[in-house]
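One structure is given below, encoded as structure tokens.
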Amino acid sequence: AQTVTQSQPEMSVQEAETVTLSCTYDTSENNYYLFWYKQPPSRQMILVIRQEAYKQQNATENRFSVNFQKAAKSFSLKISDSQLGDTAMYFCAFIASFGNEKLTFGTGTRLTIIP
Amino acid sequence: DAGVTQSPTHLIKTRGQHVTLRCSPISGHKSVSWYQQVLGQGPQFIFQYYEKEERGRGNFPDRFSARQFPNYSSELNVNALLLGDSALYLCASSETTVNYGYTFGSGTRLTVV
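Chains as they are written, first to last, in the numbering used here: chain A, 47 to 161; chain B, 132 to 244.
What follows is the structure, encoded as structure tokens:
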């Protein structure tokens, strides 16, 4: 069974600063995908960024980037030039490439951007 | 294009009652999954359907059931409601494989009293 751990329940940062959210996971699978989802107060889960385990290059999407360390089973999210609209719950999630196509989520990190 | 739509948005039920939640996936998406998100926790997988067949089931009791219709919309049914079933129920859809992640709806907030 896969597990996803987010050790930071809450974080806050000043607007325009950079913040890094941590995520570790445990799996015996070799092929899988990792995601960061954002959940604002509107409740909808929004995909922020994805990483394919077989790719060594870290994924980037505009101000969002990841540090993927496969051997350490670590997958952190860096948000640069943070904006007020980044305030939300952030969930790290894992899915195996084959078999039961379920997302396994962490418990989330509540991020607050301070004006 | 419309995203994943769920109905109703909010629902209050009494213990022991039955509830049906509905989900319409993004046009062209054939896979629908259901997740339960209890307050303060990450979503937990309940079911996945693809082409009207059940592809996966999470660790939930038999009181939970689901189905997918020919137009790929889906229903989640919960019988004999318990207080602990109070949660946000999220529906997610994807085209075929999930390597690009799921697109989620805004959820149905179920309160059992």
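Beta carbons: idealized from backbone N, C-alpha and C, even for Gly. Note that this is a predicted model, so its numbers are computed, not measured.
I'd like to know if G131 (chain A) contacts chain B, where contact means its C-beta is closer than 8 Å to some C-beta of that chain. As a working note, residue 131 (chain A) is residue 85 in the first sequence. Look at G131 (chain A): its C-beta is not under 8 Å from any C-beta on chain B.
To which residues of the same chain is G159 (chain B) closer than 7 Å at the C-beta, ignoring the five residues directly before and after it? To locate residue 159 (chain B), count along the second sequence from 1; it is residue 28. So the list reads E226, once near-sequence residues are dropped.
Which listed residue (A:V65, A:F110, A:G154 and A:Y100) has its alpha carbon closest to that of T49 (chain A): For the purposes of this step, residue 49 (chain A) is taken as residue 3 along the first sequence, with counting starting at 1. Each of A:V65, A:F110, A:G154 and A:Y100 was checked against the Cα of T49 (chain A), and the nearest Cα belongs to A:G154.
Tell me whether D72 (chain A) sits in a helix, a strand or coil according to DSSP, three-state version. To locate residue 72 (chain A), count along the first sequence from 1; it is residue 26. DSSP places D72 (chain A) in strand when its eight states are reduced to three.
Using DSSP with H/G/I as helix, E/B as strand and the rest coil, what is L212 (chain B)? Start at 1 with the first residue of the second sequence, and residue 212 (chain B) comes out as number 81. Coil.
Kindly list, in the order they appear in chain B, the residues whose Cβ is closer than 7 Å to that of L149 (chain A). Along the first sequence, read from residue 1 onward, the residue named residue 149 (chain A) stands at position 103. Within 7 Å Cβ-Cβ: F176 and Y233.
8 Å Cβ cutoff met for A197 (chain B) and E184 (chain B): Position 66 of the second sequence, counted from the first residue, corresponds to residue 197 (chain B). Position 53 of the second sequence, counted from the first residue, corresponds to residue 184 (chain B). Not in contact: A197 (chain B) and E184 (chain B) (Cβ atoms no closer than 8 Å).
In the DSSP assignment, the beta strand (DSSP E) including Y78 (chain A) goes from what residue to what residue? Counting from one through the first sequence, the residue named residue 78 (chain A) turns up at place 32. Residues Y78 to Q85.
Are the CB atoms of Q167 (chain B) and Y220 (chain B) nearer to each other than 8 Å? Position 36 of the second sequence, counted from the start, is the residue given in the question as residue 167 (chain B). Position 89 of the second sequence, counted from the start, is the residue given in the question as residue 220 (chain B). Taking 8 Å as the Cβ cut-off, Q167 (chain B) and Y220 (chain B) qualify as a contacting pair.
Between the alpha carbons of Q156 (chain B) and A223 (chain B), how many angstroms are there, rounded? In the second sequence, residue 156 (chain B) corresponds to position 25, counting from 1. In the second sequence, residue 223 (chain B) corresponds to position 92, counting from 1. Before going on, a small fix: residue 156 (chain B) reads as Pro here, not Gln. So the two alpha carbons sit approximately 7 Å from each other.
Counting only the same chain and skipping the five closest in sequence on each side, list residues whose C-beta sits under 7 Å from that of V169 (chain B). As a working note, residue 169 (chain B) is residue 38 in the second sequence. Hits under 7 Å: A218.
Name, going along the chain, the residues of the region 62-92 of chain A whose beta-carbon falls closer than 9 Å to a beta-carbon of chain B. Here the close residues are Y79, F81, Y83, Q85, S88, R89, Q90, M91 and I92.
Apart from the five residues on each side of it in sequence, which residues of its chain come closer than 7 Å, Cβ to Cβ, to T70 (chain A)? Residue numbering aside, residue 70 (chain A) sits at position 24 when the first sequence is read from its first letter. Within the same chain, T70 (chain A) has close Cβ partners T51, K119 and S120.
Answer with yes or no whether the minimum CB distance from T153 (chain A) to chain B is below 8 Å. The residue you call residue 153 (chain A) lines up with position 107 of the first sequence. At least one chain B Cβ lies under 8 Å of T153 (chain A).
Taking Cβ-Cβ distances below 8 Å as the criterion, which residues of the region 102-122 of chain A are in contact with chain B? For the region 102-122 of chain A, the set of positions with a beta-carbon nearer than 8 Å to some beta-carbon of chain B is empty.
Using CA coordinates, which residue listed in B:R153, B:G171 and B:V163 is at the minimum distance from N239 (chain B)? Residue 239 (chain B) sits at position 108 when you count from the first residue of the second sequence. The question names Asn, but residue 239 (chain B) in the sequence shown is Thr. Of the candidates B:R153, B:G171 and B:V163, B:R153 places its Cα closest to the Cα of T239 (chain B).
Any beta strand (DSSP E) of 3 or more consecutive residues that is wholly inside the region 121-161 of chain A: At a cut-off of 3 residues, the continuous stretches assigned as beta strand (DSSP E) that sit fully inside the region 121-161 of chain A are 134-142 and 155-160.
If we count the other Cβ atoms within 10 Å of its Cβ and call it buried at 16 or more, is Q97 (chain A) buried or exposed? As a first step, residue 97 (chain A) is located in the first sequence; it is residue number 51 there, counting from the start. Buried, since its Cβ has 16 or more Cβ neighbours within 10 Å.
Quick one: grab the DSSP three-state call for G187 (chain B). In the second sequence, the residue the question calls residue 187 (chain B) occupies position 56. In the structure shown, G187 (chain B) sits in a strand (DSSP, three-state: E or B).
Check whether the region 124-133 of chain A and the region 56-71 of chain A touch, using three or more Cβ-Cβ pairs below 8 Å as the test. The region 124-133 of chain A, when compared against the region 56-71 of chain A, does touch it at the 8 Å Cβ threshold.
So, for M135 (chain A): in the same chain, excluding its five sequence neighbours on each side, which residues have a beta-carbon less than 6 Å away from its beta-carbon? Taking the first sequence and counting its residues from 1, one reaches residue 135 (chain A) at position 89. Scanning its chain for C-beta atoms nearer than 6 Å, with the 5 sequence neighbours on each side dropped, one finds around M135 (chain A) the residues Q85, G154 and R156, in chain order.
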